[in-house]
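This report refers to the structure that appears directly beneath it.
In our numbering, the protein residues as written are 181 to 306.
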């Protein structure tokens, strides 16, 4: 249980940096809009840059994620990449509780029957 509490510091650190950027940008905008006598001419530019920093980061992360499979697939890495740390803590009992593939096949058959019935109803109205 203690192992789950020890996590990667990157997520809280990124959250803190982005929160500070947005809060500081918001303060600059408030000063610029509501207290013009105390504001400087660079306040709106700094505010928009600070508020846009998380958006830019997530946009670049999205682009990297999309480009990664097609541009960076040449490596012969032997590292086992896990999607989540929680996957390694699951026991094998959860694997046996999975639903079989039979309901999916049944759903496809039902869908085909409904489509055929709908086609018949369309031709009967003519």
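For every residue, glycine included, the Cβ atom is placed at its ideal position computed from N, Cα and C.
Quick caveat, the model's predicted, so the values are computed rather than measured.
Closest Cα partner of residue i within the set the options
| i | options | result |
| --- | --- | --- |
| residue 210 | 225, 290, 197, 297 | 225 |
| residue 223 | 240, 241, 204 | 204 |
| residue 191 | 220, 214, 238 | 238 |
| residue 235 | 292, 219, 198 | 198 |
Residue burial classification, residue i (beta-carbon count within 10 angstroms, cutoff 16)
| i | result |
| --- | --- |
| residue 212 | buried |
| residue 242 | exposed |
Contacting residues, own chain, Cβ-Cβ under 6 Å from residue i (five flanking each side not counted)
| i | result |
| --- | --- |
| residue 201 | 230, 233 |
Integer-rounded CB distance, given that residue j should sit under 8 Å from residue i
| i | j | result |
| --- | --- | --- |
| residue 208 | residue 227 | 4 Å |
Segment limits, alpha helix (DSSP H) that includes residue i
| i | result |
| --- | --- |
| residue 209 | 190–214 |
| residue 249 | 223–251 |
Cut-off 7 Å between Cβ atoms - residues of its own chain near residue i, not counting five sequence neighbours on either side
| i | result |
| --- | --- |
| residue 289 | none |
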